[in-house]
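**Q** Below: one structure in structure tokens.
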Amino acid sequence: MAETCVARCPPIKDFDVVVAGGGPAGSSTAICCSALGMKVMLLEQGARGRHKACGGILPLVAPEVIEDIVGASIPEEVRANTPEIGLHYEPPSGRTNAGRVRNYRIHNIKRDKFDLWLLGLAEDAGVDIRYETRVEELRTSARNEIIARGSDGELRIGSRFVVGADGVRSTIRKILFPEMNAPVMIVGQEHWDATGDFEKSFYGFFRGDISISYAYLIPKRDKYIIGLGVIPHQTPNIAEALKKLRQWLSDEFSFDPNRLLETEVWAIPFGYFTPGRDNVLLVGDAAGLCNPLSGEGIRLAVESGEAACTAIANLQSGRGAVENYEKEVKGIADMVKDLNAFVRGVDDAGREKFVQEELSRGTGLA
Numbered sequence: 014m015a016e017t018c019v020a021r022c023p024p025i026k027d028f029d030v031v032v033a034g035g036g037p038a039g040s041s042t043a044i045c046c047s048a049l050g051m052k053v054m055l056l057e058q059g060a061r062g063r064h065k066a067c068g069g070i071l072p073l074v075a076p077e078v079i080e081d082i083v084g085a086s087i088p089e090e091v092r093a094n095t096p097e098i099g100l101h102y103e104p105p106s107g108r109t110n111a112g113r114v115r116n117y118r119i120h121n122i123k124r125d126k127f128d129l130w131l132l133g134l135a136e137d138a139g140v141d142i143r144y145e146t147r148v149e150e151l152r153t154s155a156r157n158e159i160i161a162r163g164s165d166g167e168l169r170i171g172s173r174f175v176v177g178a179d180g181v182r183s184t185i186r187k188i189l190f191p192e193m194n195a196p197v198m199i200v201g202q203e204h205w206d207a208t209g210d211f212e213k214s215f216y217g218f219f220r221g222d223i224s225i226s227y228a229y230l231i232p233k234r235d236k237y238i239i240g241l242g243v244i245p246h247q248t249p250n251i252a253e254a255l256k257k258l259r260q261w262l263s264d265e266f267s268f269d270p271n272r273l274l275e276t277e278v279w280a281i282p283f284g285y286f287t288p289g290r291d292n293v294l295l296v297g298d299a300a301g302l303c304n305p306l307s308g309e310g311i312r313l314a315v316e317s318g319e320a321a322c323t324a325i326a327n328l329q330s331g332r333g334a335v336e337n338y339e340k341e342v343k344g345i346a347d348m349v350k351d352l353n354a355f356v357r358g359v360d361d362a363g364r365e366k367f368v369q370e371e372l373s374r375g376t377g378l379a
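Numbering (this note's numbering), first residue to last: 14 to 379.
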């Protein structure tokens with residue numbers, strides 16, 4: 014196969030870094046690397062402006078962290094019509110013991126426009142972006158070679174460093190670790206034309222018979238988004254859990270769903286971290302860097318992208334970049350590990366205690 018490819022493929026294009034995936038992790042990696050003078054190519058499997066299923070929520074500190082890393086402020090057109098909302102927690106015992114988290118705000122964004130903004134920053138930084146281009150092969154060596162296919166046919170790309178930012182079902186990770194069975198959580202989300210007794214807040218609902226982590230409600234202009242996460246092949250399934258959630262909302266908040274506008278189902282990483290191997294690094298969802306409790310991954314994606322760039326920039330001869338990267342991203346990886354242990358071990362009594370502690374302390378989901 015290799016001999017055939019050499020005969021028919023176009024010449025190899027050489028880059029310092031090739032990034033697979035154009036989400037927040039991939040874009041931030043590319044932006045940071047290009048800012049340091051590296052020649053960067055980014056391969057995005059989807060079309061420009063493709064839709065990404067997501068609640069579109071950032072925790073309190075995320076915008077400042079993201080803006081510091083990418084060197085630009087999040088523009089107004091990326092923010093939702095209600096750009097900042099409060100945070101409510103409801104424990105298993107219900108609304109009587111629920112409340113608003115003090116001194117905490119959630120940032121409400123339009124996820125598709127957020128991704129486009131980051132990709133625009135990458136383009137402005139000189140990154141060569143190829144849309145509708147998927148990775149088919151990765152041959153690892155001192156000089157890695159990627160075989161990719163896009164609308165213009167086959168590409169051969171040589172690069173010392175490869176960064177897999179291609180999501181929870183990462184092709185790069187599967188090539189590196191074909192036997193790995195990365196655990197996931199399945200997220201179900203419904204968009205409703207509905208009414209209910211809600212403030213302009215993000216609501217987090219904690220009850221074990223609905224979700225091992227938590228369920229949520231988000232106000233978005235003229236609709237409500239509700240969602241939750243479940244473990245594959247366990248009860249309840251997505252449909253059963255969402256039905257229970259709607260009933261809970263109806264009982265507690267007079268939720269009256271008039272018309273279902275959209276249903277989305279996708280997977281997120283659930284409690285693991287895989288940094289990569291040698292000079293092939295994994296970032297964001299591809300690495301498993303997603304908060305197992307809240308499901309939030311955007312901030313971790315951008316932070317891991319910066320960490321990958323730092324690991325590459327500080328590489329000393331005779332070592333793989335993955336060693337540097339593990340050190341750079343240790344704080345995030347440890348947080349994922351600790352929260353995974355909490356989520357998998359807690360019962361409803363523990364959820365009740367958690368909510369009351371958060372309400373009294375005034376913090377919120379990181």
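Using N, Cα and C, we set each Cβ at its ideal position, and we do this for glycine too.
Could you name the residues of the same chain whose beta carbon sits closer than 7 Å to that of G333, not counting the 5 residues immediately before and after it, in chain order?
**A** If you number the sequence shown from 1, residue 333 lands on position 320. D291, N292.
**Q** For Q202, which beta-bridge partners are listed by DSSP?
**A** Looking up residue 202 in the sequence shown gives position 189. Note: Q202 sits in a beta bridge opposite G240, E277.
**Q** Which ranges would you report for the alpha helix (DSSP H) in the stretch 108-141 if only whole runs of at least 4 residues count?
**A** Qualifying alpha helix (DSSP H) stretches, in chain order: 124-137.
**Q** Taking only runs of the beta strand (DSSP E) that begin and end inside the stretch 144-178, which ones reach a length of at least 3 residues, in chain order?
**A** Counting whole runs of 3 or more residues, the stretch 144-178 contains the beta strand (DSSP E) stretches 147-152, 157-163, 166-177.
**Q** Taking C-alpha atoms, which residue in L71, V83, S106 lies nearest to G99?
**A** As a first step, residue 99 must be located in the sequence shown, where it is residue number 86. Closest option to G99, Cα to Cα, is L71.
**Q** Quick check: the Cα distance between V342 and L302, rounded to an integer number of angstroms?
**A** Residue mapping note: residue 342 aligns to position 329 of the sequence shown, counting from 1. Residue mapping note: residue 302 aligns to position 289 of the sequence shown, counting from 1. Using only the alpha carbons, I get a separation of about 10 Å.
**Q** Buried or exposed for R374, please, with buried defined as at least 16 other CB atoms from any protein chain shown within 10 angstroms of its CB.
**A** Walking along the sequence shown from the start, residue 374 turns up at place 361. Exposed: under 16 other Cβ atoms inside 10 Å.
**Q** Considering only the alpha carbon of each residue, which of V74, S226, T95 lies closest to D235?
**A** Locating residue 235 in the sequence shown gives position 222, where the first residue counts as 1. Nearest C-alpha to D235: T95.
**Q** Check P282 in the structure and name its three-state DSSP category.
**A** Within the sequence shown, residue 282 is the residue found at index 269, counting from 1. Here P282 sits in strand by DSSP.
**Q** Which residues mark the beginning and the end of the alpha helix (DSSP H) in which P191 is found?
**A** Locating residue 191 in the sequence shown gives position 178, counting from the first residue. Here P191 belongs to no alpha helix (DSSP H), and DSSP marks it neither H nor E.
**Q** Can you have a look at M51 and say buried or exposed, based on whether 16 or more other CB atoms are within 10 angstroms of its CB?
**A** Your numbering for residue 51 matches position 38 in the sequence shown. Looking at its Cβ environment, which holds 16 or more other Cβ atoms inside 10 Å, M51 is buried.
**Q** Any chance the stretch 42-62 sits against the stretch 317-330, with 3 or more Cβ pairs inside 8 Å?
**A** Counting Cβ pairs under 8 Å, three or more are found: they touch.
**Q** Note down, in chain order, each residue of its chain lying with its Cβ closer than 6 Å to the Cβ of I119, except the 5 sequence neighbours on either side.
**A** Here residue 119 refers to the residue found at position 106 when the sequence shown is read from its first residue. The residues are I70, I98, L100, F215.
**Q** Mind checking whether L168 and T146 have CB atoms under 9 Å apart?
**A** By one-based count along the sequence shown, residue 168 stands at place 155. By one-based count along the sequence shown, residue 146 stands at place 133. Cβ atoms of L168 and T146: closer than 9 Å.
**Q** What residue ranges within the stretch 25-77 form continuous beta strand (DSSP E) runs of no fewer than 3 residues, ordered along the chain?
**A** As far as the stretch 25-77 is concerned, its whole beta strand (DSSP E) runs of at least 3 residues are 26-33, 53-56.
**Q** Let's test the definition: count the other Cβ atoms within 10 Å of the Cβ of P88 and tell me whether it reaches 16, buried, or not, exposed.
**A** Counted from its first residue, the sequence shown places residue 88 at position 75. It counts as exposed.
**Q** Candidates K26, K65, G34: which alpha carbon is nearest T2's?
**A** In the structure displayed, the chain extends from 14 to 379; residue 2 sits before or after that span and is not available.
**Q** Quick check: A161 and I170, are their CB atoms within less than 9 Å of each other?
**A** Your numbering for residue 161 matches position 148 in the sequence shown. Your numbering for residue 170 matches position 157 in the sequence shown. Taking 9 Å as the Cβ cut-off, A161 and I170 qualify as a contacting pair.
**Q** Straight-line CA distance for P232 to D29?
**A** Indexing the sequence shown from 1 puts residue 232 at position 219. Indexing the sequence shown from 1 puts residue 29 at position 16. Cα to Cα, P232 sits roughly 43 Å from D29.
**Q** Can you grab the Cα-Cα spacing for the pair V359 / S41, in whole Å?
**A** Taking the first residue of the sequence shown as 1, we reach residue 359 at position 346. Taking the first residue of the sequence shown as 1, we reach residue 41 at position 28. Straight-line Cα distance between these residues: approximately 34 Å.
**Q** On the three-state DSSP scale, how would you describe T248?
**A** As a working mapping, residue 248 is identified with position 235 in the sequence shown. Note: T248 maps to coil in three-state DSSP.
**Q** May I ask you to list the residues that DSSP assigns as paired with A228?
**A** Sequence index remark: in the sequence shown, residue 228 carries index 215 (1-based). Note: A228 sits in a beta bridge opposite F218, L241.
**Q** Unbroken alpha helix (DSSP H) runs of length 4 or more, entirely within the stretch 305-331: which are they?
**A** Listed in chain order, they are 311-326.
**Q** Drop a sphere of 10 angstroms on the beta-carbon of E57, count the other beta-carbons inside from all chains shown, and report buried for 16 or more, exposed for fewer.
**A** Counting from one through the sequence shown, the residue named residue 57 turns up at place 44. Under this definition E57 is a buried residue.
**Q** Considering only their Cβ atoms, is the gap separating I82 from I44 smaller than 9 Å?
**A** Taking the sequence shown and counting its residues from 1, one reaches residue 44 at position 31. Taking the sequence shown and counting its residues from 1, one reaches residue 82 at position 69. Going by C-beta atoms, I44 is nearer than 9 Å to I82.
**Q** Which one or two residues does DSSP pair with V293 in a beta bridge?
**A** Indexing the sequence shown from 1 puts residue 293 at position 280. Its beta-bridge partners are V175, R290.
**Q** Where A382 and L131 are concerned, what is the direct C-alpha to C-alpha distance, given to the nearest angstrom?
**A** No answer is possible for residue 382: the residues shown for the chain start at 14 and end at 379.
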